[in-house]
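Reviewing the structure listed below.
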Amino acid sequence: MAQDMPTAGRGRAPWIVFVVVAALLVGGVVWAVVGQGQPDASAAASPSPSWATPTPQPTAFETPAAGSTTEITKPPTDAEVPLDQPAPPVAGATVQLVAVTKGTFTGDVPGEPSGDAITVSVRVVNNGSAPIDTGAAGVNLTYGGDDRTPGIAVTDKKARVFPASVAPGAEATADFTFVAPLAAEGDIRVTVDLLASEPDIVFVGPRP
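All the letters of the sequence shown, read from the start, carry residue numbers 1 to 208 under UniProt numbering.
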């Protein structure tokens with residue numbers, strides 16, 4: 001009996017050492033896991049970045065001052081001119097109807113009328129020293145004498161047109177076609193609006 005006790009004590013010693021080592025290992029693992037789960041004090045104390053929304057600044061726009069404008073008043077029309085005569089010079093230009101012809105017109109554009117037509121050929125001769133702006137020149141025709149019923153302006157593909165301007169010493173001719181009944185009684189009137197600052201030129205005479 002006295003000889004067996006040391007043997008039993010020596011058998012339990014390795015197990016005790018194993019249990020102690022295992023406990024230390026488990027404690028180390030738990031400490032590591034807990035340590036990783038807790039945020040660093042300095043990191044927790046660091047403020048998160050804040051993005052401030054910029055305040056829009058009012059934009060001031062200066063209202064431009066109104067520029068001076070010159071109102072153009074068209075002078076009254078002078079005396080009417082016979083169809084076969086040149087008109088008195090206007091701003092250095094002489095205007096004349098070189099042809100007034102009758103015919104028929106067939107409209108190619110939807111809504112454009114067809115029927116009896118009168119074509120007038122207007123010539124502008126620049127006798128002045130500056131170019132004459134003819135790009136905006138307009139021509140109208142009325143029929144029926146003093147009733148002055150407007151003819152309907154139509155587009156003739158074969159018609160000549162005015163250039164943008166007529167140089168000094170040069171001339172230009174353009175054709176203007178109007179649908180108008182040839183059986184209508186009374187004179188026709190052809191009004192030429194050459195320049196906004198000059199009076200209209202009105203030619204009067206019997207229809208062709």
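Ideal placement from N, C-alpha and C gives every residue a C-beta, glycine not left out.
Would you report the Cα separation of V179 and V122, rounded to the nearest angstrom? As a working note, residue 179 is residue 179 in the sequence shown. As a working note, residue 122 is residue 122 in the sequence shown. Roughly 17 Å separates the two Cα atoms.
Using the rule of at least 16 other Cβ atoms within 10 Å of the residue's Cβ for burial, across every protein chain shown, is V34 buried or exposed? For the purposes of this step, residue 34 is identified with residue 34 of the sequence shown, where counting begins at 1. With a pLDDT of 47 at V34, under the threshold of 50, the predicted position of this residue should be treated as unreliable, though the coordinate-derived value follows. V34 comes out exposed.
Look at A137 and T177 and say whether their C-beta atoms are less than 8 Å apart. In the sequence shown, counting from the first residue as 1, residue 137 sits at position 137. In the sequence shown, counting from the first residue as 1, residue 177 sits at position 177. Contact flag unset, no.
Cβ neighbour criterion (16 or more within 10 Å) applied to T73: Translated into the one-based positions of the sequence shown, residue 73 becomes position 73. Its Cβ having fewer than 16 others within 10 Å, T73 is exposed.
Can V202 and V139 be called in contact, C-beta distance under 8 Å? Within the sequence shown, residue 202 is the residue found at index 202, counting from 1. Within the sequence shown, residue 139 is the residue found at index 139, counting from 1. Going by C-beta atoms, V202 is not nearer than 8 Å to V139.
Spatial neighbours of E76 within its chain, please: CB distance less than 8 Å, with the 5 preceding and 5 following residues excluded, ordered by chain position. Translated into the one-based positions of the sequence shown, residue 76 becomes position 76. The sequence shown places Pro at residue 76, not Glu. Once the five neighbours on either side are set aside, the close Cβ partners of P76 are P199.
Could you tell me if M1 is buried or exposed, where buried requires 16 or more neighbouring beta carbons within 10 angstroms of its beta carbon? Your numbering for residue 1 matches position 1 in the sequence shown. In this prediction, M1 scores a pLDDT of 46, lower than 50, which makes its location untrustworthy; no coordinate-derived value is stated.
DSSP three-state label for D147, please. The residue given as residue 147 occupies position 147 in the sequence shown. It is helical.
Take V166 and list the residues in its own chain whose beta-carbon comes closer than 6 Å to its own, dropping the five residues that flank it on each side. Indexing the sequence shown from 1 puts residue 166 at position 166. Around V166: V124, N126, I132, T134 and A172.
Nonlocal neighbours in the same chain, by C-beta distance under 6 Å from F162, ignoring five residues either side: Here residue 162 refers to the residue found at position 162 of the sequence shown. These residues qualify, in order along the chain: T134, A137, A172 and A174.
Can you tell which of V95, G115, T101 and D146 has the C-alpha that lies nearest to the C-alpha of V159? Sequence index remark: in the sequence shown, residue 159 carries index 159 (1-based). With the sequence shown as reference, residue 159 is identified as Ala, and Val is not the correct amino acid for it. Here the closest residue by C-alpha is T101.
Quick check on DSSP: helix, strand or coil for T63? Reading the sequence shown from its first residue, position 63 is the one you call residue 63. T63: coil per DSSP, three-state reduction.
Can you tell me which of G205, A79 and T119 puts its alpha carbon nearest to the alpha carbon of G145? Locating residue 145 in the sequence shown gives position 145, where the first residue counts as 1. Minimum Cα distance to G145 is reached at G205.
As a quick exercise: from V81, V154 and G128, pick the residue whose alpha carbon is nearest that of D110. One-based indexing of the sequence shown puts residue 110 at position 110. The sequence shown places Pro at residue 110, not Asp. The option with the nearest alpha carbon to P110 is V154.
Tell me the rounded alpha-carbon separation between A87 and R189. Counting from one through the sequence shown, the residue named residue 87 turns up at place 87. Counting from one through the sequence shown, the residue named residue 189 turns up at place 189. A87 and R189: Cα-Cα distance of roughly 14 Å.
What three-state label does DSSP hand T119 in the structure shown? As a position in the sequence shown, residue 119 is number 119, starting the count at 1. Reduced to three states, the DSSP call for T119 is strand.
Does DSSP classify K102 as helix, strand or coil? As a working mapping, residue 102 is identified with position 102 in the sequence shown. Three-state result, K102: strand.
Whole-angstrom distance between T119 and A99, CA atom to CA atom: Against the sequence shown, residue 99 aligns to sequence position 99. Against the sequence shown, residue 119 aligns to sequence position 119. Rounded to whole angstroms, A99 to T119 spans 8 Å at the Cα level.
Could you check whether V95 and L195 sit closer than 8 Å to each other, using their CB atoms as the reference points? For the purposes of this step, residue 195 is taken as the residue at position 195 of the sequence shown. For the purposes of this step, residue 95 is taken as the residue at position 95 of the sequence shown. Not a contact, by the Cβ cut-off of 8 Å.
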